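What follows is one structure encoded as C-alpha cells, with my remarks underneath.
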Amino acid sequence: MSGRVEIDDKKLRELEGVFHNLEELGEMIKNFKSPYTSELLEIILAGGMALGASDIHLEPTGEASALRLRVDGLLHNVSNEIEKQKHLSLITRIKLLSNLKLNIHDRPQDGRFTIDLADRDIEIRTSLIPSEYGETAVLRLLDPRSLKVNLEDLGWRKDDLKIVMGEIEKPNGLILNTGPTGSGKTTTLYAFLRKITTPEVKIITIEDPIEYHLPGVSQTQVDSAVGYTFASGLRSILRQDPDIILVGEIRDKETSEIALNASLTGHLVFSTLHTNDAVGAIPRFMDLGAKPQVLGPALTLVIAQRLVRVLCPKCKVEKEIGEALKTKIEKFLEGLPERIDKKDCQNFKIYSPGGCDKCGGLGFKGRTSIFELFVINEKMEEAIYKNPTEIELKSLAKEQEMVTMQEDGILKVLKGITSVEEVERTTGKVEWLDK
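With the sequence shown counted from 1, adding 1 to any position gets you the numbering used here.
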C-alpha cells in the first residue's frame with residue numbers, strides 16, 4: 002500500500018497564493034525553520050502544483066542539496082541550499098509515503114503516493130536512485146486537471162484533426178504515436194480513447210505504468226516480476242474479446258508481431274514507438290522483424306509529435322520582420338499543401354517571450370503539441386512492400402502532402418502561439434530562415 006498526504010484545501014490555497022514564481026518558493030524553503038519534515042515536503046509539493054511543475058527533483062550535491070522543478074518541459078533551479086540533514090529527512094519521508102524500504106540506499110527504488118484534496122486526488126510517482134553524495138529523488142506529479150483528454154484541445158490543425166478523426170473511427174488498424182519520452186504521446190493516446198469510448202465497445206490497455214484512470218476503459222499494468230509483459234499481456238488481452246486495444250509501447254519483436262496481427266483480425270490498436278519522426282516507424286518495425294506484406298496492410302497512421310511552450314499572451318513581444326524574412330515566410334506558406342487553412346497566417350507576426358507575473362517571469366505559460374501525420378494509403382502500402390529506404394519513404398510522404406513537425410511548428414509561430422526558438426529546440430534548426 003502506498004501512503005497518502007492530506008493537505009487541507011485552505012492551507013493549500015494559502016501556500017499556492019504565496020508562490021508566484023520560482024524565487025518565492027526558493028525563499029520560503031531557505032527560511033523554513035520547523036523541525037517537521039512533513040511540513041517542508043508539503044511546501045515543496047504545493048509549490049510544484051502552484052507553478053505547474055510536472056516533476057520535482059531533489060539532488061544531493063555534497064554538503065547541501067538542490068531542488069529543481071520541471072515546468073513546461075524545462076528544468077528550473079529553485080534552491081541549492083537545502084541542508085544535508087533536511088535532504089536525508091525528506092528522502093526518508095518520501096520512502097515512508099511510497100512504501101519503500103528505508104534501509105536500502107544503494108539500489109534504485111520506485112513507488113507512489115497520493116495527495117488527498119477535497120476535489121481530486123493527485124498521484125505522485127516516486128523514483129529514487131543512489132548517487133555520489135546520496136539518494137536522488139524525482140517526484141512526478143500526476144494531476145488529473147493537467148491532463149488534456151479532449152482531442153480538440155491538443156493543438157491540431159483542422160486538416161490534421163479531420164485525418165485523425167477518420168482513422169480513429171475505423172473498426173481496425175494500427176495507429177502509432179512516436180516521439181521521445183515526455184513528448185505528449187500518452188496524453189494523445191488517452192485523448193483518442195476518450196473520444197471513441199462508448200458502452201458498445203470494449204477497450205483494454207496494457208501500460209507501464211497506468212498514469213491516469215480513464216472511465217469506461219479496462220486498464221492493466223505491466224508487472225515483469227510475475228511475467229506480465231507487453232507481449233504476454235497483449236496475448237491475454239486478445240482473449241478478453243476487446244474491440245480496441247492500447248499497448249503502452251512496442252519494444253520487441255514479439256509485441257510487434259502480436260500488435261500487427263491484432264490489427265489485421267478486426268481490432269483497432271494504438272501504441273507508441275521511440276523514433277525521431279513519423280516515417281522512421283517503418284524501418285524501426287523492419288528492425289523488429291516485421292514483414293512488409295504484414296506491416297503495409299496493418300499500419301494505418303503514424304503520428305510524430307513534440308511539445309512546445311506557449312508564449313504568455315500577456316507579455317509576449319512582437320519582433321520586427323524585415324522584407325527578406327517576410328519573403329521567405331511567404332515562400333514557405335506557398336509551398337504547403339492546399340488542404341491547410343492559411344487564413345490565420347495571412348497577416349502573420351512573430352513574437353518572442355517577455356516575462357510577467359502571469360507566467361512567473363518565464364515568458365511562457367503552458368504547452369501545446371506540434372504534429373506530423375504519416376498516412377499509410379494504398380500508394381504507401383505498395384511502397385512498403387518493396388522495402389524502401391527511409392529517404393525514399395520521406396520523399397514519397399512529402400509527395401503525399403505530409404506536413405512535418407517543424408512545418409507545423411512554424412505555422413504555430415506565425416499564429417503567435419510559440420516562438421521560433423521553441424520550434425528549433427524541439428525539431429532542430431530551421432535552415433531556410435538563415436539562408
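By construction, the Cβ of each residue, glycine as well, lies at the ideal position given by its N, Cα and C atoms. Bear in mind that the values here come from a model prediction, so they are computed numbers and not experimental data.
Taking residue 369 as the centre and dropping the five residues before and after it, the same chain places the C-beta of 155, 156, 308, 309, 311, 413, 418, 419 closer than 8 Å to its C-beta, in chain order.
Under the three-state reduction of DSSP output, residue 279 falls in the coil class, being neither helix nor strand. The beta carbons of residue 176 and residue 296 sit no closer together than 8 Å. Within the segment 337-414, the runs of beta strand (DSSP E) that reach at least 3 residues and sit entirely inside it are, in chain order, 351-353, 365-376. Residue pairing by DSSP places residue 285 opposite no residue, since no beta bridge is assigned to it.
By a beta-carbon distance limit of 8 Å, residue 303 does not contact residue 272. Their separation comes to about 11 Å. Separation of the CB atoms of residue 73 and residue 367 is rounded to 7 Å, and the pair is thereby assigned contact status at 8 Å. The secondary-structure analysis by DSSP pairs residue 54 across a beta bridge with 72. Put simply, the backbone Cα of residue 279 is about 19 Å away from that of residue 256. Excluding five sequence positions before and after residue 397, the CB atoms of its chain that fall closer than 8 Å to its own CB belong to 380, 381, 384, 389, given in chain order. Leaving aside the five residues that flank residue 123 on each side, the residues in its chain whose CB is nearer than 8 Å to its CB run, in chain order, 50, 115, 116, 142, 143, 144, 145.
Restricted to the segment 203-280, the beta strand (DSSP E) segments that are unbroken, complete and at least 3 residues in length are 204-208, 219-222, 245-248, 269-274, listed in chain order.
Taking every protein chain shown into account, the CB of residue 186 has 16 or more other CB atoms within 10 angstroms, so this residue is buried. Under a 10 Å Cβ-count criterion, residue 202 is classified as exposed, with fewer than 16 other Cβ atoms of the shown protein chains found around its own Cβ. Taking C-alpha positions only, residue 387 is separated from residue 393 by approximately 11 Å.
C-alpha of residue 152 to C-alpha of residue 192: approximately 5 Å in a straight line. In this structure, DSSP gives residue 33 a state outside helix and strand, which the three-state scheme calls coil.
Taking C-beta atoms under 8 Å as the contact rule, residue 54 and residue 71 qualify, at a distance of about 6 Å. Annotation: the continuous alpha helix (DSSP H) that includes residue 165 extends over 159-169.
A Cβ-Cβ distance of about 5 Å is found for the pair residue 264 and residue 174, placing them in contact under the 8 Å criterion. In chain order, 350, 352 place their CB closer than 6 Å to the CB of residue 319, counting only its own chain and leaving out the 5 sequence neighbours on each side. Under the three-state reduction of DSSP, residue 101 is assigned to coil, being neither helix nor strand. Contact between the segment 89-101 and the segment 123-135 is established, with three or more Cβ pairs separated by less than 8 Å. Counting of Cβ neighbours within 10 angstroms places residue 178 among the buried residues, the total reaching 16 or more. Ranked by Cα distance from residue 328, the first of 404, 66, 433 is 433. DSSP places residue 297 inside the alpha helix (DSSP H), whose first and last residues are 293-299. For residue 320, the uninterrupted beta strand (DSSP E) run begins and ends at 318-320, by DSSP. In summary, residue 99 is buried, with 16 or more beta-carbon neighbours lying within 10 Å of its beta-carbon over all protein chains present. Around residue 416, the same chain offers 345, 346, 349 as residues with beta carbons nearer than 8 Å, after the five sequence neighbours per side are excluded. The beta carbon of residue 341 sits closer than 8 Å to the beta carbons of 158, 160, 404, 412 from its chain, once the five residues preceding and following it are set aside; these are given in chain order. Rounded to whole angstroms, the gap between the alpha carbons of residue 189 and residue 213 is 12 Å.
Short of 7 Å from the beta carbon of residue 181, and not among the five residues preceding or following it, lie these beta carbons of its own chain, in chain order: 275. Taking 8 Å as the upper bound for CB-CB distance, residue 219 and residue 204 are in contact here, some 7 Å apart.
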